[in-house]
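In what follows, a single structure is set out as structure tokens and then discussed.
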Amino acid sequence: MKITMSRKQTGFTLIELAIVLVIIGVLIGSFIGTLGARIDTTRRAETAEELDRIKTALLGFAYSSGGPYLPCPCTANCATDGGLNPGREDRPGATCSAGTNVGYLPWGTLGLKPGDSWNTLYSYWVDPDFSDDGTGAGSVFDLADTGSGQVRTRSPDGTNTPLVAGNVVAVVFSHGKNTYGGLSVSGRPQPAIPAANVDEINNTDNNSEFVNRTPTGPGATTAGGEFDDIVLWITDYEIKARMIDAGMLALP
Numbered sequence: 049m050k051i052t053m054s055r056k057q058t059g060f061t062l063i064e065l066a067i068v069l070v071i072i073g074v075l076i077g078s079f080i081g082t083l084g085a086r087i088d089t090t091r092r093a094e095t096a097e098e099l100d101r102i103k104t105a106l107l108g109f110a111y112s113s114g115g116p117y118l119p120c121p122c123t124a125n126c127a128t129d130g131g132l133n134p135g136r137e138d139r140p141g142a143t144c145s146a147g148t149n150v151g152y153l154p155w156g157t158l159g160l161k162p163g164d165s166w167n168t169l170y171s172y173w174v175d176p177d178f179s180d181d182g183t184g185a186g187s188v189f190d191l192a193d194t195g196s197g198q199v200r201t202r203s204p205d206g207t208n209t210p211l212v213a214g215n216v217v218a219v220v221f222s223h224g225k226n227t228y229g230g231l232s233v234s235g236r237p238q239p240a241i242p243a244a245n246v247d248e249i250n251n252t253d254n255n256s257e258f259v260n261r262t263p264t265g266p267g268a269t270t271a272g273g274e275f276d277d278i279v280l281w282i283t284d285y286e287i288k289a290r291m292i293d294a295g296m297l298a299l300p
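Here the sequence shown is numbered in my numbering, starting from 49 and rising by one per residue.
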């Protein structure tokens, strides 16, 4: 008698394979989304820490300047490939070049790395009364000088209210992940700020008023539009207190 052995088919069906692939795709998508959010959070934290170091460096410059006074912004050759001495303050004499008091952080002068976690230069504004080195017609700042800068925020109802109404002597800010309105460390202009991003535009319009508020992502419908700038400022109270402690300013 001839015995015939049956062979049972094993393995996945096409439907089972499709289900497995869908599950894997969902897991990968979830992982990538979570990883992207973690990277963004880490970069913001690193940039915030760097801004604290920048503040220390600016105050250290004032200590060592002999004035005391703060550095001028960098307004030319600010990128890493910007000439023999990139990232230097623009100070042809006693004051900032042609009265300019807004530009990029003079990272070369301060001995800092050039850009934030998104490889964009930090923007920098300084009150001219606090950047005069005292060798010209003007004088270095003293206890009578007050800062002219302002930092504002926006409440949930859209109201633009002051955080620091006056008394700000210097502002440094990162253009954030979107890099709108900035300049890359290699000198490449970053994308222009969309018209709807009112608060980010306010930070780049070359005046002494700035905005710092809770970040809102792309497509935000909140008042002020999308916002991811990271802003740091120094008040005249802070710098005067530091200079008094250092013996560079004397109380009356």
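Virtual Cβ for every residue (Gly too), placed ideally from N, Cα, C. All values reported here derive from a predicted model rather than from experimental measurement.
Is the beta carbon of V199 sitting closer than 8 Å to the one on V216?
Their beta carbons are under 8 Å apart, which means V199 touches V216 by this criterion.
In three-state terms, what does DSSP make of N250?
N250: helix per DSSP, three-state reduction.
Compare the C-alpha of D276 against each of L299, A243, F221 and name the closest.
D276 has its Cα closest to that of F221, out of L299, A243, F221.
Less than 8 Å between the C-beta atoms of P204 and P154, yes or no?
In this structure, the beta-carbon distance from P204 to P154 does not fall below 8 Å.
Are the Cβ atoms of I287 and L107 separated by less than 8 Å?
Yes, these two residues count as a Cβ contact at 8 Å.
For a minimum of 3 consecutive residues, which ranges assigned as the beta strand (DSSP E) are wholly contained in the region 185-210?
List check, beta strand (DSSP E) in window: 197-202.
Note down the Cα distance separating T168 from D193, rounded to an integer number of angstroms.
About 32 Å.
Do the CB positions of P291 and A142 come within less than 8 Å of each other?
For the record, residue 291 in the displayed sequence is Met; it is not Pro. No, they are not a contact pair.
Cutting at 6 Å between CB atoms, please list the residues of its own chain near G163, excluding the five before and the five after it.
Closer than 6 Å at the Cβ level, and outside the excluded window around G163, lie L169, V233.
The region 170-182 touching the region 233-249, judged by at least three CB pairs closer than 8 Å
At 8 Å Cβ cutoff, the stretches do not touch.
Tell me whether G131 is buried or exposed, calling it buried when 16 or more other Cβ atoms sit within 10 Å of its Cβ.
With a 10 Å radius around the Cβ and a threshold of 16 neighbouring Cβ atoms, G131 comes out exposed.
So, S196 versus Y117, is the Cβ gap smaller than 8 Å?
For S196 and Y117, no; Cβs fall outside 8 Å.
Quick one: residues in its chain with C-beta nearer than 8 Å to the C-beta of I241, no 5 flanking neighbours on either side, listed in chain order?
These residues qualify, in order along the chain: Y228, G229, E248, I249, T252.
Which residue from I282, T207, N149 puts its Cα closest to that of K103?
For K103, the closest alpha carbon among the candidates I282, T207, N149 is that of I282.
Using a Cβ-Cβ cutoff of less than 6 Å, which residues in the same chain neighbour P239 once the five nearest sequence positions on both sides are dropped?
Take P239, set aside five residues on each side of it, and the residues of its chain with a beta-carbon closer than 6 Å to its own are Y228, in chain order.
Proximity to R136 [Cα-Cα], best of N149, T148, T157
Shortest Cα-Cα distance from R136 to any of N149, T148, T157 involves T157.
Euclidean distance between Cα positions of A244 and E274
Just so you know, the alpha carbons of A244 and E274 end up roughly 8 Å apart.
Go through its chain and collect everything with a Cβ distance to D190's Cβ below 8 Å, but skip five positions before and after it.
L297.
Once DSSP output is grouped into helix, strand and coil, what is the label at V219?
In the structure shown, V219 sits in a strand (DSSP, three-state: E or B).
Short check: CB of V246 to CB of G272, under 8 Å?
Cβ atoms of V246 and G272: closer than 8 Å.
Going by beta carbon distance, what residues of the same chain come within less than 8 Å of G214, once the five residues before and after it are set aside?
If we look at G214 and ignore the five residues flanking it on each side, its Cβ neighbours are T194, G195, S196, G197, Q198.
Look up F258 in the DSSP assignment and give the residues it is bridged to.
In DSSP, F258 forms a bridge with V199.
Could you tell me which residues DSSP puts in a beta bridge with F275?
T264, per the DSSP bridge assignment.
Can you check whether the CB of T123 is closer than 8 Å to the CB of G147?
The Cβ atoms of G147 and T123 do not sit closer than 8 Å to each other.
Which residues does DSSP list as the beta-bridge partners of P140?
Beta-bridge pairing links P140 to no other residue.
Count the other C-beta atoms from every protein chain shown that fall within 10 angstroms of the C-beta of L280, then say buried if there are 16 or more, exposed otherwise.
If you draw a 10 Å sphere on the C-beta of L280, you find 16 or more other C-beta atoms in it, and that means buried.
I'd like the span of the alpha helix (DSSP H) that includes G156, first residue to last.
Residue range 155-158 is occupied by the alpha helix (DSSP H) that includes G156.
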